[in-house]
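Peer 1:
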Amino acid sequence: MKKALAITLGVVTSIGGFFDMGSIVLTGQTGARFGFSLVWVVALATITIVLYAEMAGRIATLSKRPVFDVVRERLGPGFGLANLGASFLINVITLVAEIAGVAIAFQLVTGVTYYLWVPLALILAFFVLWKVKFERMERAVGILGLTMLVFAVAMWRLHPDWSSVLHQTLLPSKPSSETLASYLYVGVALFGSAITPYELFFYSSGAVEEGWNKSDLLSNRISSYAGFIFGAVLSVTAIGVAALIFQPRHIGVHDLSTIALGPTFVLGKLGLAAFLIGLFMTTFGATLEVTLSNGYIVSQYFGWPWGKMLRPKQAARFNLVMIVSLLIGAFIVLTSLDPVAVTDIAMVFAAVGLPLTYFPILVVANDREYMGESGNGKVLNVVASVFLVVICIIALAAIPLMIWTKLGT
Amino acid sequence: MKRFLASCLVLACASCVAPAYNDSQFASKAAKTAQDAASAIETARLALQLDLRHGLPEQPIDSSMSDQEDALGSVAGTFSSVQPPQTKASDDLRNSVLDLLDAAQSHMEDARIALRRGDVPAALHALDEAEPQAQKLHAIAEKY
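These protein sequence lines are chains A and B, in that order.
For what it's worth, numbering that gives the first Met the number 0 labels the leading residue of the first sequence as 0, then goes sequentially.
For what it's worth, numbering that gives the first Met the number 0 labels the leading residue of the second sequence as 0, then goes sequentially.
Written out as structure tokens, the structure reads:
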């Protein structure tokens, strides 16, 4: 029973991590501009994150050390430092988007400009990070984040022409009004939004914090497989709602208030309320996860004591990194940069930095010194290598596409 | 090279609004402007239609209207600051897009005022009157 509960919680947590500000914005934009023709990107991203999250969880479970720690030891301090710099930067940009998402959720409820809600978002994050237990935090965020299932309900209630949906999904072609470069650029950003590196740092460090052992390997597999696949279903249905409601009306998605109209269109007040709760919980959950992720990677690289379960006094530098990350993120939000544009850019940079996180995981997952008999099998290695090549291609193409398409416009 | 450097300088001086060197470039900017403006009008209309249908809380709809009004103002401001090439075609296109944007902005303001007075039908009526502009803007976006 306890194990079943642990698996359920793992699944719920994975959903929270998969569907955040980046996914909410990108799926809305994708559906409105490209209909169902980029759903294959979500499928590609889901397989990638499922494979690598399972590996990251397995590494953490067997070595009792989080991925970043093992990577530094296995691949050397130079590579570790490059990875740390890139990951920290990507996390900070992601954090900007997530904090903005929390503040905009408050704005949509109260009508008061989101700038004024940034301090409250920070205070809430500080409070939860320092006062709420890890497990309770995961449960609350994950369970309330499930209100995002409103997209699945809305899509089902829209009664789409399923044969047309399947056709567009399985035989994708870009709309004639869009260029191939824009199509690929949005695809890259969508890919980045689904598999942002912080998810893996948080997942593996969380496994160590919760003291997973060999008997948790099955839970790890089920959590990562079911959770991320369920998260992918949310992404696909969010694309579907935008494709069915916004695309025929030639509505582009440039803000969260537009995305809120999708569930509202189908379910009225209930849809709006579910979306707003889901928006708050998923972006707030991601704010916590990204902040912790920054604390984890910096502390793990420098060998400082770390962990949410430690008292702040026992892990002062870990907590200091989190405070600094939150303050930098909040400061950038307050500079009045467009949060949606920041989210788009964050997701592209996330895509650029992917190989730095994913390549070492594959290397360490094959290291018998750490993994013993539970290292990767041949089939898994072949499949994971193919996806690593895809990740590298996407990472190389991201910046040129961003410049070529002028941020996808 | 000189042209590239000049472009960079102009971009820096003109808050990142690049000039258009020929009709095609200008038409492309006009099309993007028209597309974004039509989208803002249609989004605001959809928000008001849903408000009327479901009796939604005031704040999210007000936020949505503000977002769309800001978006419309922003695309109009950006487009009006683009330096067009010295041709009649571009001047004509510029004038027609700016006229449509002016009219749309005016309807959007009327809608916002009516909405904040609690008169959702009047707000929707104001945006229904912007529908011809939205369609013409959409046609421009499609054409170019």
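From the three backbone atoms N, C-alpha and C, an ideal C-beta is built for every residue, glycine too.
Would A/Pro262 and A/Ala153 be called neighbours here (beta carbons separated by less than 8 Å)?
Peer 2: yes
Peer 1: Please go through the segment 31-60 of chain A and give each complete alpha helix (DSSP H) segment of 4 or more residues, from N-terminal end onward.
Peer 2: none
Peer 1: Leaving out the 5 sequence neighbours to the left and right, which residues in its chain are closer than 8 Å to B/Leu126 when beta-carbon positions are compared?
Peer 2: Ile40, Ala43, Arg44, Leu47, His106, Met107 and Ala110
Peer 1: Could you run through the segment 248-278 of chain A and flag, in chain order, every residue whose CB is less than 7 Å away from some CB of chain B?
Peer 2: Arg248, His249, Ile250, Gly251, His253, Asp254, Ser256, Thr257, Ala259, Leu260, Thr263, Phe264, Gly267, Lys268 and Leu271
Peer 1: Is it the case that the segment 368-384 of chain A contacts the segment 16-34 of chain B, given that we only count it when at least three CB pairs across the two stretches are under 8 Å?
Peer 2: Taking 8 Å as the limit for Cβ pairs, the verdict is that the segment 368-384 of chain A does not touch the segment 16-34 of chain B.
Peer 1: When burial is assigned at 16 or more other CB atoms within 10 Å of the CB, is A/Gly141 buried or exposed?
Peer 2: Around the Cβ of A/Gly141, a 10 Å sphere holds 16 or more other Cβ atoms; the residue is buried.
Peer 1: Can you pull the chain B residues whose beta carbon is under 7 Å from the beta carbon of A/Gln106, in chain order?
Peer 2: Ser62
Peer 1: Does any residue of chain B have a CB that is nearer than 8 Å to the CB of A/Gly27?
Peer 2: no
Peer 1: Could you tell me how far apart the beta carbons of A/Met20 and A/Gly77 are, in whole angstroms, since I believe they sit closer than 8 Å?
Peer 2: That pair is no contact at about 32 Å.
Peer 1: State the DSSP-derived secondary structure class of B/Val81, mapped to helix, strand or coil.
Peer 2: Three-state result, B/Val81: coil.
Peer 1: Could you confirm whether any beta carbon from chain A is found closer than 8 Å to the beta carbon of B/Ala29?
Peer 2: no
Peer 1: Give a yes or no on whether the minimum CB-CB distance between B/Pro131 and chain A is below 8 Å.
Peer 2: no
Peer 1: Compare the C-beta of B/Thr42 against all C-beta atoms of chain A and say whether one is closer than 8 Å.
Peer 2: With its beta carbon less than 8 Å from one in chain A, B/Thr42 belongs to the interface.
Peer 1: What separation, rounded to the nearest whole angstrom, lies between the Cα atoms of A/Thr195 and A/Val95?
Peer 2: In a straight line, the C-alpha of A/Thr195 is about 14 Å away from that of A/Val95.
Peer 1: Is it buried or exposed, A/Leu83, if we count other Cβ atoms within 10 angstroms and call 16 or more buried?
Peer 2: buried
Peer 1: So if I threshold CB-CB distances at 7 Å, which residues from the segment 66-92 of chain B count as touching chain A?
Peer 2: Asp66 and Ala70
Peer 1: Can you check which of these residues, B/Ala121, B/Gln82 and B/Ala70, is closest to B/Ala37 by C-alpha distance?
Peer 2: It is B/Ala70 whose Cα lies nearest to the Cα of B/Ala37.
Peer 1: Give the secondary structure of B/Ala129 by DSSP, where H, G and I count as helix, E and B as strand, and everything else as coil.
Peer 2: coil
Peer 1: Just curious, the alpha helix (DSSP H) that A/Trp116 is in, first and last residue?
Peer 2: Premise fails: A/Trp116 is in no alpha helix (DSSP H) and is neither H nor E.
Peer 1: Taking contact to mean at least 3 C-beta pairs separated by less than 8 Å, is the segment 320-334 of chain A in contact with the segment 44-59 of chain A?
Peer 2: The answer is no - the segment 44-59 of chain A does not touch the segment 320-334 of chain A, with fewer than three Cβ pairs under 8 Å.
Peer 1: Do three or more CB pairs link the segment 145-162 of chain A to the segment 333-342 of chain A at distances below 8 Å?
Peer 2: no
Peer 1: Taking 8 Å as the CB-CB limit, is B/Gln104 close to chain A?
Peer 2: no
Peer 1: So, do the segment 30-44 of chain A and the segment 208-223 of chain A have three or more beta carbon pairs nearer to each other than 8 Å?
Peer 2: no
Peer 1: Indicate whether the contact test is met: 3 or more Cβ pairs, each with one atom in the segment 278-287 of chain A and one in the segment 111-131 of chain A, closer than 8 Å.
Peer 2: yes
Peer 1: Between B/Gln24 and chain A, is there a C-beta pair that is closer than 8 Å?
Peer 2: no
Peer 1: Report the CB separation of A/Phe17 from A/Met147 in whole angstroms; it is logged as a contact under 8 Å.
Peer 2: That pair is no contact at about 10 Å.
Peer 1: Would you identify the three-state DSSP class for B/Tyr20, choosing helix, strand or coil?
Peer 2: B/Tyr20 carries a coil assignment under DSSP once its states are collapsed to helix, strand and coil.
Peer 1: Cα separation between B/Cys7 and A/Asp254?
Peer 2: Residue confidence for B/Cys7 is low, a pLDDT of 45 falling below 50, so the modelled location carries little weight; the figure read from the coordinates is stated next. Spanning the alpha carbons of B/Cys7 and A/Asp254 requires a straight line of approximately 29 Å.
Peer 1: Answer with yes or no whether the minimum CB distance from B/Ser95 to chain A is below 8 Å.
Peer 2: no
Peer 1: Is the segment 361-370 of chain A close to the segment 390-403 of chain A, with three or more CB pairs under 8 Å?
Peer 2: no
Peer 1: Here's a check: name, in chain order, each residue in its chain whose Cβ is nearer than 6 Å to the Cβ of B/Ala11, leaving out the five neighbours to either side.
Peer 2: Unreliable placement is indicated for B/Ala11, whose pLDDT of 44 sits below 50; the coordinate value is still reported in the next sentence. Nothing meets the Cβ criterion.
Peer 1: For the segment 189-212 of chain A, list every residue whose C-beta sits within 8 Å of some C-beta in chain B, in sequence order.
Peer 2: none
Peer 1: Please state whether DSSP places A/His249 in a helix, a strand or coil.
Peer 2: coil
Peer 1: Hey, how far is the Cα of A/Leu275 from the Cα of B/Pro56?
Peer 2: Pairing A/Leu275 with B/Pro56, the inter-Cα distance amounts to about 12 Å.
Peer 1: Does A/Gly239 have its Cβ less than 8 Å from a Cβ in chain B?
Peer 2: no
Peer 1: Is the beta carbon of A/Ser298 less than 8 Å from the beta carbon of A/Val320?
Peer 2: yes
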